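Report on one structure; see the data block that follows.
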Amino acid sequence: MRLLVMNANTTAFVTERAAETARQLASPGTEIVAATGAFGAAIMASRTECAIGEHAAVDLAARHADGIDGVLIAVSYDTGLGALREMLPVPVIGMTEAALLAACTLGGAIGLVSFGARVQPIYRELVARYGLSGRIAAWTNLETTAAYKPGDTAALDAELAEAAVGLAGQGAEVVVLLGAVMAGASFRIEDRVPVPVLDGIRAGLPMLEALIRMRPLKARTGSHAGLTGRALSGVDPAIGRLIG
């Protein structure tokens, strides 16, 4: 199968980290195609940037849709998820939705680690949209920018492990590291944490492969049925071909 790992942010480093982790997780014969946003925020950290990111995600998916069997959104706000599930004929997984759903199977109470106080309300709204607010035991917010810089991760990993241990002490039975840049970090710190640790790519890639193997049909009615005959102007022709 051929999977698109797409990051609607414009920072290629984050895309590369997510794609590298996805390739390590992929089954033999699975090809990972990585794509980075062509416009918008370097790293989304506001509702306005997320709104721009919705367009960037639709644009990115449309331009890479040919020959793709499934899509993994490598933006931790699951930016564009609803639109892509409507627009594309293949399964689409949001990395944070995947991590939260996987966490529900590993423990009752979930602890979350996020980066930056400003984005925490956006994540809370996302968790509420998935109907999982009641499963959140505790939340830790880190202000470090080290996660977004290439290089040695030792100091970052120590901070992540400390945060995860703290969440376990507050009753979390499983910890989720939020952020596409956290791809693979759960593997690096899990031996230091007394409860399971997940990140969105670790959960999302196997889930996407499994969903494709189920061979579900595309919805033909309802809000996720494909669009046809829509009048569009000023958008990339690739989008028009999918919904025009």
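Following the working numbering, the numbering of the sequence shown begins with 158 at its first residue and continues without gaps. Beta carbons are placed, not taken as given, at the ideal position from N, Cα and C, and that holds for glycine. Predicted model, so just to flag it, every value in this text is computed and none were measured.
| Check | Outcome |
| --- | --- |
| Phe344, DSSP secondary structure in three states | helix |
| Short Cβ contact (8 Å threshold) for Ala260 with Thr236 | no |
| Which listed residue (Phe272, Met339, Phe196) has its alpha carbon closest to that of Glu177 | Met339 |
| Within the region 180-265, ranges of the beta strand (DSSP E) (whole runs, at least 3 residues) | 188-193, 227-230, 249-251 |
| Leu362 to Ala325 span [Cα, whole Å] | 25 Å |
| Buried versus exposed, by CB contacts within 10 Å (16 or more), Met252 | buried |
| CB contact below 8 Å: Leu161 versus chain B | As a matter of chain content, chain B is missing from the structure shown, which is built from one protein chain. |
| Three-state class that DSSP yields for Arg159 in the structure shown | strand |
| CA-to-CA distance, Leu182 to Leu317, given in whole angstroms | 21 Å |
| Leu365 beta carbon less than 8 Å from that of Leu160 | yes |
| Counted within 10 angstroms of its Cβ, other Cβ atoms place Ser343 as buried (16 or more) or exposed | buried |
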